[in-house]
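Chemist:
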Amino acid sequence: MQTLTAFAIVLGQKLVTALIQLWVIATLVFSIMYVMPGDPVLLLLGAESNPTPEAIATTRHQLGLDQPVLTQYLKWLGNALHGDLGTSLNGYPVADYIQASMPKTIELAVAAILVAALLGIPLGIAAALNRGRFLDGFLTSLSTVGISVPVYILGSLLILVFSLQLGWLPSSGYTDMSRNVGLHYQKLVLPAVTLGLGLAASIARMTRSSMLEILGRDFVRSLHARGMRERRVIWLHVLRNAAIPIVTIIGLQLGNLMGGTVLVEALFNWPGISTLLVTAVSNRNYPLVQGSILTIAALFIVINLCVDLLYSLLDPRIRRRRA
Amino acid sequence: MRMSRRPGVLASAAIVVLVILVALIGPLIAPHNPLLINQNAVNQGSSATYLLGTDEFGRDILSRLLYGIRPTIAVAALSTLIAAIGGTALGIVGAYGRPAIAAFVMRVVDIMLSFPPILLALLAVGFWQSGIASLSVVIGLIFIPHFARVAQSATLQVIRQEYVEAEHAMGARAMRVVGRAILPNILSPLVVQATLTIAAAILLESGLSFLGLGIIPPDPSWGQMIGTARGYLNQNPMYVVWPSLCLALTVLAINILGDALRDHLDPRLRQE
Chain A
505 MQTLTAFAIV LGQKLVTALI QLWVIATLVF SIMYVMPGDP VLLLLGAESN
555 PTPEAIATTR HQLGLDQPVL TQYLKWLGNA LHGDLGTSLN GYPVADYIQA
605 SMPKTIELAV AAILVAALLG IPLGIAAALN RGRFLDGFLT SLSTVGISVP
655 VYILGSLLIL VFSLQLGWLP SSGYTDMSRN VGLHYQKLVL PAVTLGLGLA
705 ASIARMTRSS MLEILGRDFV RSLHARGMRE RRVIWLHVLR NAAIPIVTII
755 GLQLGNLMGG TVLVEALFNW PGISTLLVTA VSNRNYPLVQ GSILTIAALF
805 IVINLCVDLL YSLLDPRIRR RRA
Chain B
432 MRMSRRPGVL ASAAIVVLVI LVALIGPLIA PHNPLLINQN AVNQGSSATY
482 LLGTDEFGRD ILSRLLYGIR PTIAVAALST LIAAIGGTAL GIVGAYGRPA
532 IAAFVMRVVD IMLSFPPILL ALLAVGFWQS GIASLSVVIG LIFIPHFARV
582 AQSATLQVIR QEYVEAEHAM GARAMRVVGR AILPNILSPL VVQATLTIAA
632 AILLESGLSF LGLGIIPPDP SWGQMIGTAR GYLNQNPMYV VWPSLCLALT
682 VLAINILGDA LRDHLDPRLR QE
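These protein sequence lines map, in sequence, to chains A and B. Under this note's numbering, the letters of the first sequence match residues 505 to 827, in that order. Under this note's numbering, the letters of the second sequence match residues 432 to 703, in that order.
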């Protein structure tokens with residue numbers, strides 16, 4: 505009962521923090537319109553066409569830009585809460601664009617995390633169990649390389665080798681599942697692996713250090729002393745205790761990927777939300793910029809919140825200390 | 432193990448020195464004008480005239496590499512300086528300032544830390560004039576909270592030490608305590624953070640240039656060259672390889688040096 509109350513308090517605190525973060529972001533995103541150079545009305549009408557002052561005034565009125573800033577702010581915030589993110593400068597609802605691109609980013613992010621976890625965790629375990637030996641040094645150096653090499657370099661090299669030289673995989677683009685399932689997944693492989701390799705390096709590092717920490721604990725020694733088999737100690741006890749930080753870093757990576765796919769999406773022409781954002785930024789399409797940033801930030805905050813809660817659920821010590 | 436004996440550390444130091452040297456004297460040793468267009472030699476492979484080949488306008492890739500390092504290094508150095516000064520000040524306030532102000536500062540830092548840097552950068556540079564100065568300011572601002580976190584936790588450890596209390600007992604004013612007792616004693620984690628920030632800033636700048644939102648063409652920068660080369664993978668595969676190799680080696684070398692520096696400065700790790 506007590507732990508349940510404590511957990512409820514933690515949950516409440518974290519929810520409030522997340523809501524504040526979301527509100528700060530929303531406010532920042534709203535202010536983009538006002539602090540950034542260029543009049544959105546002129547952008548909409550096209551400054552080259554020399555619109556008449558009357559036309560400018562009419563559009564300004566249509567967009568609600570002639571109202572006091574505070575009124576606009578509250579209205580915008582209210583609409584955003586209802587999922588109405590305004591209208592893109594080319595006339596379509598921003599929400600439609602987001603709905604079309606967001607799932608593609610999520611799919612890419614989940615695939616990348618799968619690659620990263622399936623590669624990073626076993627490598628980290630192998631490094632920890634061979635501490636100080638050649639394999640450990642080799643894997644640790646490899647992970648430094650993996651962390652240092654920018655994704656677009658890795659991706660370019662993968663395209664060169666697997667697409668242009670060997671011809672095994674398509675070099676870029678996106679094919680809808682309804683059109684061709686096989687091609688859909690073929691086109692997913694290279695971007696997912698590109699993203700996943702870098703993340704696998706951090707996961708391997710975290711797995712290694714977290715395993716080593718648990719391996720040094722007294723209880724592991726007593727399990728050995730009681731004659732428990734090495735394999736059983738590792739798989740049943742060490743790994744389970746080492747899992748919390750590993751799960752956490754994977755969760756945080758997933759959150760980061762909501763905006764962190766931007767370079768890979770650009771490299772592989774993946775039509776996700778980052779591509780939408782970059783295009784919107786280049787075209788100064790403010791409503792679209794606002795909508796995509798807000799969506800990315802919201803997903804990021806929600807995922808982090810889930811990771812945080814999972815963390816306090818998994819580790820009773822954290823639950824008690826924070827409460 | 433001594434720092435200099437670790438495998439890779441010496442090589443990394445050599446690479447970093449070389450990179451700085453090239454940034455300084457690159458224009459003197461570049462065989463061609465990096466902006467000189469040669470329509471008769473577009474997308475060529477390596478040759479005697481063009482050691483590393485030419486790009487889509489027939490410009491010499493080697494010369495563009497030698498010049499292209501300069502904006503990257505300039506932005507990395509300037510932004511790290513901005514982040515270090517701003518972040519250290521904020522971090523010290525967050526640990527040593529009045530409790531209400533300190534709590535507020537660290538709250539803001541936490542919120543800022545919770546956004547992916549590339550998103551913030553994208554947002555900022557997308558709307559301002561891109562250039563070395565604005566890129567440096569934007570990237571510097573983005574890394575301020577990272578420095579603030581490090582500076583704050585280091586300061587928290589230091590202010591409980593006797594020498595700080597001694598300054599207090601002697602009636603020293605806050606600024607004097609910060610300058611004489613705190614700052615000199617939190618330098619080493621800050622130096623490590625600075626190395627990591629330089630590498631991160633290089634990655635961020637080249638990432639933005641790769642997206643076409645950083646250094647403006649025709650002036651070369653490594654990230655932008657990689658982004659452009661992406662379109663010519665078929666015609667000239669080595670075009671993407673050279674700037675990629677340079678960028679990856681530079682960042683890797685800085686990261687290895689940073690790791691070695693951290694191990695060297697951390698007494699717990701040194702004893703092992």
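Quick reminder that beta carbons are idealized off the backbone N, C-alpha and C, glycines included. Just so it is clear, the structure is predicted and the values come from calculations on it, not from any experiment.
Closer than 7 angstroms: is that where the CB of residue 770 of chain A sits relative to any heavy atom of the ligand FAD?
Modeler: The ligand FAD is absent from the structure shown, which contains no ligands of any kind.
Chemist: Between residue 602 of chain A and the rest of its own chain, which residues show a CB-CB distance below 8 angstroms, the 5 nearest in sequence each way excluded?
Modeler: For residue 602 of chain A, where only same-chain residues beyond five positions count, the Cβ hits under 8 angstroms are 589, 777, 780, 795, 796 and 799.
Chemist: Alpha carbons only, please: which of B:528, B:484, B:470 and B:487 is nearest the one belonging to residue 606 of chain B?
Modeler: Among B:528, B:484, B:470 and B:487, the Cα nearest to that of residue 606 of chain B is on B:528.
Chemist: Any contact between the stretch 533–553 of chain B and the stretch 492–505 of chain B? By contact I mean 3 or more CB pairs, one from each, below 8 angstroms.
Modeler: The stretch 533–553 of chain B, when compared against the stretch 492–505 of chain B, does not touch it at the 8 angstroms Cβ threshold.
Chemist: Return the CA-CA distance between residue 810 of chain A and residue 753 of chain A, expressed in angstroms with no decimal places.
Modeler: Each residue's Cα considered, the two are about 12 angstroms apart.
Chemist: Assuming residue 704 of chain A and residue 813 of chain A make a contact with CB atoms under 8 angstroms, what is their CB distance in whole Å?
Modeler: Incorrect: roughly 25 angstroms between the Cβ atoms, too far for contact.
Chemist: Considering only the beta carbon of each residue, do residue 627 of chain B and residue 689 of chain B sit closer than 8 angstroms?
Modeler: Yes, Cβ-Cβ distance for residue 627 of chain B and residue 689 of chain B is below 8 angstroms.
Chemist: Can you grab the Cα-Cα spacing for the pair residue 446 of chain B / residue 680 of chain B, in whole Å?
Modeler: Distance between the alpha carbons of residue 446 of chain B and residue 680 of chain B is about 8 angstroms.
Chemist: Interface residues of chain B around residue 660 of chain A at Cβ under 9 angstroms?
Modeler: Under the 9 angstroms cutoff, chain B gives 657, 660, 661, 664, 671, 672 and 675.
Chemist: Per DSSP, residue 597 of chain A forms a beta bridge with which residues?
Modeler: Beta-bridge pairing links residue 597 of chain A to A:591.
Chemist: Could one say the Cβ of residue 641 of chain B lies closer than 8 angstroms to chain A's Cβ atoms, at least one of them?
Modeler: Yes, residue 641 of chain B lies at the interface with chain A (some Cβ there is under 8 angstroms from its Cβ).
Chemist: Are the beta-carbon atoms belonging to residue 660 of chain A and residue 671 of chain B less than 8 angstroms from one another?
Modeler: Yes, they are a contact pair.
Chemist: Write down every uninterrupted run of the alpha helix (DSSP H) in the stretch 752–778 of chain A whose length is 4 residues or greater and which is fully enclosed by it, in chain order.
Modeler: The stretch 752–778 of chain A contains these whole alpha helix (DSSP H) runs: 766–771.
Chemist: Which same chain residues end up closer than 7 angstroms to residue 633 of chain B when comparing Cβ atoms and leaving out the 5 residues on each side of it in sequence?
Modeler: The residues are 503, 507, 681 and 682.
Chemist: What does DSSP give as the partner residue(s) for residue 491 of chain B in the beta ladder?
Modeler: Note: residue 491 of chain B sits in a beta bridge opposite B:485.
Chemist: Can you name, in chain order, every residue of its own chain whose Cβ lies under 6 angstroms from the Cβ of residue 451 of chain B, other than the five neighbours on each side?
Modeler: Around residue 451 of chain B: no qualifying Cβ.
Chemist: Expressed to the nearest angstrom, what Euclidean distance is found between the alpha-carbon atoms of residue 645 of chain B and residue 641 of chain A?
Modeler: About 37 angstroms.
Chemist: Residue 545 of chain A to residue 630 of chain B, Cα distance in whole Å?
Modeler: The alpha-carbon atoms of residue 545 of chain A and residue 630 of chain B are separated by roughly 40 angstroms.
Chemist: Residue 682 of chain A CB to nearest chain B CB: under 8 angstroms?
Modeler: No, residue 682 of chain A lies away from the interface with chain B (no Cβ there is under 8 angstroms from its Cβ).
Chemist: Could you give the C-beta distance for residue 700 of chain A and residue 651 of chain A, rounded to a whole number, given that I count them as a contact under 8 angstroms?
Modeler: The Cβ separation is near 13 angstroms, so there is no contact.
Chemist: Just the C-alpha distance for residue 432 of chain B and residue 623 of chain B, rounded to the nearest angstrom, thanks.
Modeler: Residue placement at residue 432 of chain B is flagged as unreliable, the pLDDT there being 45, under the threshold of 50; a coordinate-derived value is accordingly withheld.
Chemist: Of all Cβ atoms in chain A, is any one closer than 8 angstroms to the Cβ of residue 682 of chain B?
Modeler: So, interface residue.
Chemist: Any C-beta of chain B within less than 7 angstroms: which residues of the stretch 741–771 of chain A qualify?
Modeler: Cβ contacts with chain B: 760, 763, 764, 766, 767, 770 and 771.
Chemist: Please list the partners that residue 704 of chain B has in chain A, where partner means a Cβ-to-Cβ separation under 7 angstroms.
Modeler: Summary: the structure shown does not reach residue 704 of chain B, with chain B confined to residues 432 through 703, and so no result is reported for it.
Chemist: In chain order, what residues of the same chain lie with their CB nearer than 7 angstroms to the CB of residue 458 of chain B, ignoring the 5 residues before and after it?
Modeler: Answer for residue 458 of chain B: 498, listed in chain order.
Chemist: Step through the CB atoms of chain A and report whether any lies within less than 8 angstroms of the CB of residue 634 of chain B.
Modeler: Yes, its Cβ sits closer than 8 angstroms to a Cβ of chain A.
Chemist: Against residue 577 of chain A, what residues of chain B qualify as contacts under a CB-to-CB distance less than 7 angstroms, listed in chain order?
Modeler: None at all; the shortest Cβ gap to chain B is about 18 angstroms.
Chemist: Going by alpha carbons, who is nearest to residue 470 of chain B out of B:480, B:454, B:488 and B:456?
Modeler: Among B:480, B:454, B:488 and B:456, the Cα nearest to that of residue 470 of chain B is on B:488.
Chemist: Can you find the residues in the same chain that come closer than 8 angstroms, C-beta to C-beta, to residue 556 of chain B, ignoring five residues on each side of it along the sequence?
Modeler: So the list reads 565, 566, 569, 639, 644 and 645, once near-sequence residues are dropped.
Chemist: Please compile the residues from chain B whose C-beta is within a distance smaller than 8 angstroms of the C-beta of residue 674 of chain A.
Modeler: Residues of chain B passing the Cβ test: none, with the nearest at roughly 13 angstroms.
Chemist: Just to make sure I have the definition right: I need the residues of chain B whose C-beta is within less than 8 angstroms of the C-beta of residue 707 of chain A. Which are they?
Modeler: Going along chain B, no residue has its Cβ under 8 angstroms from residue 707 of chain A, so there is no contact; the nearest lies around 17 angstroms.
Chemist: For residue 825 of chain A, which residues of its own chain have a beta-carbon under 6 angstroms away from its beta-carbon, when the five flanking residues on both sides are left out?
Modeler: Because the pLDDT at residue 825 of chain A is just 48, under 50, the model does not fix this residue reliably, and the point stays unresolved.
Chemist: In the DSSP assignment, find the unbroken alpha helix (DSSP H) run with residue 638 of chain B in it and report its ends.
Modeler: Start and end: 618–641.
Chemist: Please list, in chain order, the chain B residues whose beta carbon lies closer than 9 angstroms to that of residue 815 of chain A.
Modeler: Simply none; closest approach about 15 angstroms.
Chemist: Determine the direct distance from the alpha carbon of residue 525 of chain A to that of residue 518 of chain A, and round the result to whole angstroms.
Modeler: Each residue's Cα considered, the two are about 10 angstroms apart.
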